[in-house]
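Just below is one structure, and these are the notes that go with it.
Residue numbers (the working numbering): 1293 to 1432.
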């Protein structure tokens, strides 16, 4: 088991988030109905959407994942908005971070998607997911 862990660590240390991430993001307004967010995810084959304009006093943006939609659906997603279920604060990485660092954050925060931000950390430029980590490991 130790040998496999050491190999996985070496692989993830050698791959940058920018080499594994999905560049670009789809966004929605905070007041978007969750059913509309679900439709956007289904139409585009994606697992998360960035929610912009959450509110003036709080975070600038959040993220709604497919798992957030499932949880909200149990309670009746139709009347809820993206703002109500968006995860905040968003767990962020940059494209220059190692995939090892991203994987550690995923485990620590129990999330399957991290938002990749520009170097200033102000704007989302992509998403890295647990599937991206798995694909990097599988290539080695």
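The C-beta atom is built at its ideal place from N, Cα and C for all residues, glycine as well.
Work out the CA separation of residue j and residue i for me, nearest whole Å.
i	j	result
residue 1396	residue 1366	29 angstroms
residue 1320	residue 1421	19 angstroms
residue 1394	residue 1309	7 angstroms
residue 1293	residue 1423	Any reading at residue 1293 must be qualified, since the residue scores a pLDDT of 45, below 50, and its modelled position is unreliable; the value itself is stated next. Spanning the two alpha carbons is a distance of roughly 22 angstroms.
residue 1335	residue 1318	11 angstroms
residue 1429	residue 1404	16 angstroms
residue 1326	residue 1387	29 angstroms
residue 1374	residue 1417	20 angstroms
According to the Cβ coordinates, are residue i and residue j closer than 9 angstroms?
i	j	result
residue 1356	residue 1371	no
residue 1267	residue 1343	A question about residue 1267 goes unanswered here, because the residues of the chain that appear run from 1293 up to 1432.
residue 1391	residue 1315	no
residue 1361	residue 1412	no
I'd like the span of the alpha helix (DSSP H) that includes residue i, first residue to last.
i	result
residue 1339	From DSSP, residue 1339 is part of no alpha helix (DSSP H); its letter is neither H nor E.
residue 1429	1422-1431
Check residue i in the structure and name its three-state DSSP category.
i	result
residue 1307	coil
residue 1315	strand
residue 1293	In this prediction, residue 1293 has a pLDDT of 45, which is less than 50 and means its spatial position is unreliable; what the coordinates show is noted afterwards. Coil at residue 1293, not helix or strand.
The beta strand (DSSP E) that contains residue i, what's its start and end?
i	result
residue 1321	1319-1321
residue 1354	1353-1357
Quiz item: Counting only runs that start and end within the segment 1377-1413, where is the beta strand (DSSP E) found for 3 or more residues in a row?
Solution: 1384-1386 and 1405-1409
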